[in-house]
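Q:
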Amino acid sequence: MDGQLAPFPKPQPVDKHLISQMLIMSTLWKLSFLFALIPLAIGYVVLTSFASPIAFGLFIGAGWAILSRLIPTHGFSFPNTPYSTELIHELNEIRVNEPTCCDSAEIAWETIAVRCQNCRTSYLDRARPDLGRLRDDGLIGRLRLLFLDGHPIITNNLDD
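Start counting the sequence shown at 1; every next residue gets the next number (the numbering used here).
Here it is in C-alpha cells:
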C-alpha cells in the first residue's frame, strides 16, 4: 500500500505519491468507523442473548474505537483525524507551487515539519502522521500505531 514512498523513517518527498497516500490513509481512517460497527453489533447481539466475556470484549473494543474517532482533542475539531482534508490541501499547495527558497529545492516531510532538504527552509510546521509505509520496528511499532491511531508521536504546535 505504500506505493512509491521513501522507506521508513527517511523524510518523504512532497510529491503526487505522498498526496495520493494521504488520501488513501484518510479514506481508510474514516472507513474504520464503519468497520468498528461490525464487532459492536455482533457484541451487542450476543450480549442480549447471554452474557459472554468475548461478546463484552467485542462491544467494549469497538465502542472504544468509535469513541476515539468521535471525541475531539485538538482545538475541539471534528473529526479527530491525523489525515485531515486541510492538511492534504496544504501539502498539495506546497507540491504545486514553485519553491523559492534555493536553486535546487527538494521539499520533503520530515518528522516535525515540511522543509527544503538543501537550505532547511520550513514550509509547514506539522508533525508527520503515520503514512502506512513498511516498518521494521516489529511489535513495538505495531503497538505504537495501535495506541496513537496514526497520529504523530510528537507535536510541535505551540498552542497544544
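Glycine included, every Cβ here is placed at the ideal spot set by N, Cα and C.
(1) Rounded to the nearest angstrom, what separates Leu-158 and Asp-125 at their Cα positions?
(2) Kindly identify the DSSP beta-bridge partner or partners of Trp-109.
(3) Could you give the DSSP three-state label for Tyr-123: helix, strand or coil?
(4) Taking all protein chains shown into account, do 16 or more other C-beta atoms lie within 10 angstroms of the C-beta of Pro-53, making it buried, or fewer, making it exposed?
(5) Compare the C-alpha of Ile-112 against each of Ile-153, Ile-140, Ile-42 and Gln-4 and name the closest.
(6) Starting from Glu-98 and walking both ways along the alpha helix (DSSP H), at which residues does that stretch end?
(7) Return the Cβ separation of Gln-117 and Ala-108 in integer angstroms, given the expectation that the two are a contact with Cβ distance under 8 angstroms.
(8) When the Cα atoms are used, what is the spatial distance from Ala-51 to Trp-64?
(9) Could you check the C-alpha separation between Ile-66 and Pro-9 for me, to the nearest Å?
(10) Along the chain, where does the alpha helix (DSSP H) containing Pro-53 start, and where does it finish?
(11) By Cβ distance, which residues of its chain are closer than 7 angstroms to Thr-162, with the 5 residues on each side in sequence left out?
(12) Helix, strand or coil for Pro-39? Go by DSSP, reduced to three states.
(13) For Phe-50, does the three-state DSSP call read helix, strand or coil?
A: To lay it out plainly:
(1) The pLDDT assigned to Leu-158 is 48, lower than 50, so where the model puts this residue is not dependable; a value taken from the coordinates is nonetheless given after this. Rounded to the nearest angstrom, the two C-alpha atoms are 10 angstroms apart.
(2) Gln-12 and Val-114
(3) strand
(4) exposed
(5) Ile-153
(6) Per DSSP, Glu-98 belongs to no alpha helix (DSSP H) and is neither H nor E.
(7) 5 angstroms
(8) 19 angstroms
(9) 29 angstroms
(10) 53-70
(11) The requested residue 162 is not part of the displayed model; the chain covers only 1 to 160.
(12) helix
(13) coil
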